[in-house]
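What follows is a single structure, written as structure tokens, with notes after it.
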Amino acid sequence: MKIKPEESSFDFIAIGDTVVDAFIKLNQAEEIDDNIHNTRKLCMSFGDKIPFESVEIISGVGNSPNAAVSASRLGLKTALISNVGTDTYGTDCLNHYKQEGIDTCFINIQKDKITNYHFVLWFKNDRTILIKHEHYNYNLPSLGLPRWIYLSSLGENSLSFHQELFSYLKDHPTIQLVFQPGTFQMKLGTEALKEIYKRTKLFFCNVQEAMHILKTENLDIRVLLKKIAELGPEIVVITDGPAGSYAYNKASNTSWFMPVYPDPKEPYERTGAGDSFASTFTSAIALGKSIPEALKWGSINSMSVVQYVGAQKGLLTQEQIRGYLDNAPEGWDVKEI
1 MKIKPEESSF DFIAIGDTVV DAFIKLNQAE EIDDNIHNTR KLCMSFGDKI
51 PFESVEIISG VGNSPNAAVS ASRLGLKTAL ISNVGTDTYG TDCLNHYKQE
101 GIDTCFINIQ KDKITNYHFV LWFKNDRTIL IKHEHYNYNL PSLGLPRWIY
151 LSSLGENSLS FHQELFSYLK DHPTIQLVFQ PGTFQMKLGT EALKEIYKRT
201 KLFFCNVQEA MHILKTENLD IRVLLKKIAE LGPEIVVITD GPAGSYAYNK
251 ASNTSWFMPV YPDPKEPYER TGAGDSFAST FTSAIALGKS IPEALKWGSI
301 NSMSVVQYVG AQKGLLTQEQ IRGYLDNAPE GWDVKEI
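Quick look at the structure:
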């Protein structure tokens, strides 16, 4: 679909792969700390038959689709640039987006392709995801002049698409770019995507991803924030799960720490916590909020998402976020660091 720049009135266009997630709830596994690599391992008996408790299939997810649903619920006029196959899963995804108020005019139904399908190994309140991105033909549609473009996870054959997107952004300097790199974008490396990094207004990743992107073992958050900013992004946000989140504004050389909003109960399942934080922070900035305010919004929406299965069910509206802000516990606040 061709849209003339003067006809586009989207606040937020997300770009990234659509996924169907099959949540497989495990009850016979083991969680082991790997102190050498500062991570945890999910372990099961090799060659055995492993019972599982349940499976739940959720359509229309993925980093960018999650962000689009979040922005739409927060009141932004939202569209999604993505690809689906000609299978029933693709139809389910399209119907889901329409129900969420997301414009699907940019979604390409690719002939003889299948829709991305991932397996989520859900153990306790966290997950390990088995991913496979189909080799879609990535093409940038004529998308007009949206206020914000939110770029996230794409397949490993998408390098030329990134270059095409950068050219479009170069010709349309008023568009603000958000970059939340996915697995294959991080694999491509900062050199291959250097123009995207330089053009980025808001950048999001977690601590482990920041270390991977920078090829460093340095765990100092201040160092990670500034090193990412040196790649180009104006505002860098790094999340650290239950330990909270951090933001850095290169223009003012100011950093902040945001503790998590206290969970009303133990987190049920953590998929989408990072997506909800990043997209909510972005939406808050798009709505005229300050960085400290955006950190609060992101923390609240992340808290809500982890109370449910999947990345979207717990996403809140502006009114609901304001309710949590009005009833925030004493001492919960942003701190400059």
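Residue numbers (my numbering): 1 to 337.
Quick reminder that beta carbons are idealized off the backbone N, C-alpha and C, glycines included.
Span separating the alpha-carbon of residue i from that of residue j
i    : j    : result
G314 : K226 : 32 Å
T78  : I36  : 43 Å
P5   : T39  : Note on P5: pLDDT 42, under 50, position unreliable in the model; no value is reported.
N95  : G101 : 10 Å
Y136 : S158 : 9 Å
S160 : R270 : 33 Å
W332 : Q318 : 19 Å
W256 : S9   : 33 Å
Y150 : D220 : 27 Å
E330 : G241 : 21 Å
N327 : V305 : 18 Å
K265 : G47  : 36 Å
D21  : F277 : 20 Å
P141 : D103 : 14 Å
D11  : G155 : 25 Å
R127 : F204 : 20 Å
D112 : E293 : 45 Å
T190 : L287 : 30 Å
P259 : Y268 : 19 Å
A251 : K25  : 45 Å
Q180 : K187 : 13 Å
G298 : E53  : 31 Å
R322 : L74  : 11 Å
K198 : N27  : 45 Å
R222 : E209 : 15 Å
H212 : S245 : 18 Å
R147 : L177 : 9 Å
H162 : I175 : 15 Å
S72  : Q99  : 11 Å
T91  : A273 : 26 Å
Cβ-heavy atom distance, residue i to the ligand SAM, below 7 Å
i    : result
Y150 : Judged by which ligands are present, the structure shown has none, so any question about the ligand SAM falls away.
Anticipated Cβ contact below 8 Å, residue i with residue j, distance rounded
i    : j    : result
V334 : L295 : 5 Å
I107 : I15  : About 11 Å separates the two Cβ atoms, so there is no contact after all.
R229 : F123 : This sequence places Ala at residue 229; Arg is not what is there. About 35 Å; that fails the 8 Å criterion.
S45  : S279 : In fact, because the Cβ distance is near 38 Å, the residues do not count as touching under 8 Å.
A247 : I291 : 6 Å
N365 : S152 : Nothing in the structure corresponds to residue 365, since the chain is present only between 1 and 337.
S283 : L76  : 6 Å
A311 : V55  : About 17 Å separates the two Cβ atoms, so there is no contact after all.
C105 : S59  : With a Cβ gap of about 19 Å, C105 and S59 do not count as contacting.
DSSP three-state assignment for residue i, whether helix, strand or coil
i    : result
F46  : coil
D333 : coil
K313 : coil
I109 : strand
D103 : strand
K98  : helix
I32  : strand
A343 : With the chain covering 1 to 337 only, the question about residue 343 has no answer from this structure.
G323 : helix
A328 : coil
N63  : helix
D21  : strand
K194 : helix
I81  : strand
E53  : strand
I114 : coil
L26  : strand
K227 : helix
L219 : coil
T91  : helix
L214 : helix
CB of residue i within 8 Å of CB of residue j, strictly
i    : j    : result
F23  : V120 : yes
I32  : K41  : yes
L224 : L214 : yes
T239 : E336 : no
Y261 : Y324 : yes
T18  : T115 : yes
H172 : L145 : yes
A67  : D263 : no
I109 : T86  : yes
F166 : I196 : yes
I13  : L143 : yes
*Quick one: which unbroken alpha helix (DSSP H) runs of 4-plus residues sit fully inside the segment 233-306? Chain order, please.*
Runs of the alpha helix (DSSP H) inside the segment 233-306: 273-286, 291-305.
*Entirely within the segment 119-191 and at least 3 residues each: give me those beta strand (DSSP E) ranges in chain order.*
Counting only runs of 3 or more, we get 126-130, 148-151, 176-179.
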